[in-house]
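Heads up: the sequence shown at position 146 corresponds to 148 in my numbering, and the numbers run straight through without jumps. Even for Gly, the Cβ is constructed at its ideal location relative to N, Cα and C. For clarity, every value in this text was computed on a predicted model and none was experimentally measured. The block underneath contains the structure these notes are about, expressed in structure tokens.
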Amino acid sequence: MLIYSMSTSVDGYINDRVGSFDWTPPSEEEFRLHLAEVRGLGFYLCGRRLYETMLPWEEDPSMRSNELFAEFADVWVALPKVVFSRAGCSVQGNARLAEASVAEEVESALAATDKVVSIGGAGLAAEAIGLGLVDEFHIFRRPIVVGGGTSFFPPVSPDIRLDLLETTTFASRVIYERYGRAQPLPS
3 MLIYSMSTSV DGYINDRVGS FDWTPPSEEE FRLHLAEVRG LGFYLCGRRL
53 YETMLPWEED PSMRSNELFA EFADVWVALP KVVFSRAGCS VQGNARLAEA
103 SVAEEVESAL AATDKVVSIG GAGLAAEAIG LGLVDEFHIF RRPIVVGGGT
153 SFFPPVSPDI RLDLLETTTF ASRVIYERYG RAQPLPS
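Quick look at the structure:
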């Protein structure tokens, strides 16, 4: 199963008009759900910018400032990652640069594990969504309207019908929504 999971504003953006996402830090309660989700992954496919955003979890000792963060860092470091980069970049640790198309890398990751595979980065996820590869969408909807930025979902055609599988409202007023692709209705 391939999932796409990100925090968004109420109006559906993962960052704002100037590219900032400083309004997305999770509460401890949300962070525990993120940790459980990452712990259940067998692979993580991401774009270069997201990889670089997450790199401090691998390099910066201050990211281990408490037991929960240290636990996340351990899980993140151990997780195999495939990084897609048009501009070229170097990767380290348990990451490698993508060598094939998005469809081929997704297929390879799914075949290499019996766990869930996640894809991150709006551009990369958009390509996977367009190819019909994403099985579930996990949205941490934050109580803010930012009025523009990078949309969680790309423009699609045809429509993608979804089933709401789960919702959780956190004390922080963030709503977690988990959607799966709807099964076609019997004819």
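DSSP three-state assignment for residue i, whether helix, strand or coil
i: R143; result: strand
i: I16; result: coil
i: L99; result: strand
i: T10; result: strand
i: G132; result: helix
i: G44; result: strand
Where the beta strand (DSSP E) through residue i begins and ends
i: R180; result: I177 to R183
i: L166; result: L164 to T171
i: F33; result: It is not in any beta strand (DSSP E) - F33 instead sits in the alpha helix (DSSP H) that spans E30 to R41.
i: G150; result: Counting along the chain, G150 falls outside any beta strand (DSSP E), and DSSP gives it neither H nor E.
i: V84; result: K83 to F86
N-terminal and C-terminal residue of the alpha helix (DSSP H) that residue i is part of
i: E107; result: V104 to A114
i: V77; result: E69 to A80
i: G122; result: Careful: G122 lies outside any alpha helix (DSSP H), inside the beta strand (DSSP E) at V118 to G122.
i: L52; result: R50 to M56
Beta-carbon gap between residue i and residue j smaller than 7 angstroms
i: G151; j: D24; result: no
i: F86; j: L135; result: no
i: A39; j: V176; result: Correcting the residue type first, residue 39 is Glu in the shown sequence and not Ala. Their beta carbons are not under 7 angstroms apart, which means E39 does not touch V176 by this criterion.
i: F15; j: V118; result: Strictly speaking, residue 15 in this sequence is Tyr, with Phe absent from that position. No, the pair does not count as a contact, with Cβ atoms beyond the cut-off.
i: V79; j: E60; result: yes
i: R50; j: C91; result: yes
i: I121; j: L57; result: no
i: R200; j: L167; result: The chain is shown from 3 up to 189; residue 200 falls before or after that span and cannot be answered.
i: R98; j: S11; result: no
Rounded Cβ spacing between residue i and residue j (contact assumed at less than 8 angstroms)
i: P27; j: H36; result: Actually they do not touch by this definition, with Cβ atoms about 11 angstroms apart.
i: D84; j: A100; result: Here residue 84 turns out to be Val, not Asp, going by the sequence shown. Between A100 and V84 the Cβ distance is about 5 angstroms, and since that is below 8 angstroms, they are a contact.
i: L43; j: L81; result: 6 angstroms
Heavy atom of the ligand HEM within 6 angstroms of residue i beta-carbon
i: F23; result: Among the components of this structure there are no ligands whatsoever, and the ligand HEM is therefore not found.
Would you call the segment 5–14 and the segment 134–144 in contact, with 3 or more CB pairs under 8 angstroms?
Verdict: yes, contact present.
Stretch pair the segment 110–118 + the segment 154–165: three plus CB contacts closer than 8 angstroms
no
Does the pairing of the segment 158–169 with the segment 67–85 give three or more beta-carbon distances under 8 angstroms?
In short, these stretches do not touch, since the Cβ pair count stays below three.
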